[in-house]
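Enquirer: Residue numbers are given in this note's numbering: position 115 of the sequence shown equals residue 169, and the series is strictly consecutive.
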Amino acid sequence: QVQLVESGGGSVQPGESLRLSCAASGSLFSIYAMGWYRQAPGKPRELVAIIISGGSTNYADSVKGRFTISRDNAKNTLYLQMNSLKPEDTAVYYCHALYSDAQNYWGQGTQVTVSS
Numbered sequence: 055q056v057q058l059v060e061s062g063g064g065s066v067q068p069g070e071s072l073r074l075s076c077a078a079s080g081s082l083f084s085i086y087a088m089g090w091y092r093q094a095p096g097k098p099r100e101l102v103a104i105i106i107s108g109g110s111t112n113y114a115d116s117v118k119g120r121f122t123i124s125r126d127n128a129k130n131t132l133y134l135q136m137n138s139l140k141p142e143d144t145a146v147y148y149c150h151a152l153y154s155d156a157q158n159y160w161g162q163g164t165q166v167t168v169s170s
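Right, dumping it as structure tokens:
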């Protein structure tokens, strides 16, 4: 079992940047992938970015070229660097971990608000 704690959310103006962090603790062995999802009011939760255990990454089309997912294995931390933020990026952002046996875990979420 893993515990995921997000941080780094906040309120910014369009064009600004934020970096989200997800600190993982517990049993980290056999994690197959970690990712960031987001959910805006009235909308379903959607995948933003994912990083597989081998290091490959994938992004939603809406964030390609603006967001970067990365991880620091020594710190057991997952990051999401978000640049050129837009109002439509406003959402609660969730960290997610998927194990090789298909168990999955979610963080509590962190709010990102982009508004002028």
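All C-beta atoms in this analysis are idealised placements derived from N, C-alpha and C, irrespective of residue type, glycine included.
(1) For S84 versus T131, is the C-beta distance shorter than 8 angstroms?
(2) What three-state label does DSSP hand D126 in the structure shown?
(3) Hey, out of F121, I105, Q157, Y91, whose CA is closest to G163's CA?
(4) Assign E70 to one of three DSSP states: helix, strand, or coil.
(5) In the DSSP output, which residue or residues are listed as bridge partners for Y113?
(6) On a Cα-Cα basis, can you pick out the residue from E60, A77, A94 that is closest to V168?
(7) Could you give the distance in angstroms between the alpha-carbon of Y147 and the alpha-carbon of L101?
(8) I believe Y16 touches S110 by the beta-carbon criterion, under 8 angstroms. Please report the beta-carbon distance rounded to the nearest angstrom.
(9) Taking C-alpha atoms, which residue in P141, S138, Q135, K129 lies nearest to L58?
Expert: Checking against the coordinates, here is how it stands:
(1) On the sequence shown, residue 84 is found 30 positions in, with the first residue counted as 1. On the sequence shown, residue 131 is found 77 positions in, with the first residue counted as 1. No; because the gap between Cβ atoms is not below 8 angstroms, this pair is not in contact.
(2) For this step, residue 126 is matched to residue 72 along the sequence shown. Strand.
(3) One-based indexing of the sequence shown puts residue 163 at position 109. The shortest Cα separation from G163 among F121, I105, Q157, Y91 belongs to Y91.
(4) One-based indexing of the sequence shown puts residue 70 at position 16. Coil, per DSSP.
(5) As a first step, residue 113 must be located in the sequence shown, where it is residue number 59. Note: Y113 sits in a beta bridge opposite A103.
(6) Position 114 of the sequence shown, counted from the first residue, corresponds to residue 168. The residue from E60, A77, A94 with its alpha-carbon nearest to that of V168 is A94.
(7) Position 93 of the sequence shown holds residue 147. Position 47 of the sequence shown holds residue 101. Roughly 10 angstroms separates the two Cα atoms.
(8) Any property of residue 16 remains undetermined from this structure, which presents the chain solely from 55 to 170.
(9) Mapped onto the sequence shown, residue 58 falls at position 4. Selected option, being the one with the closest Cα: K129.
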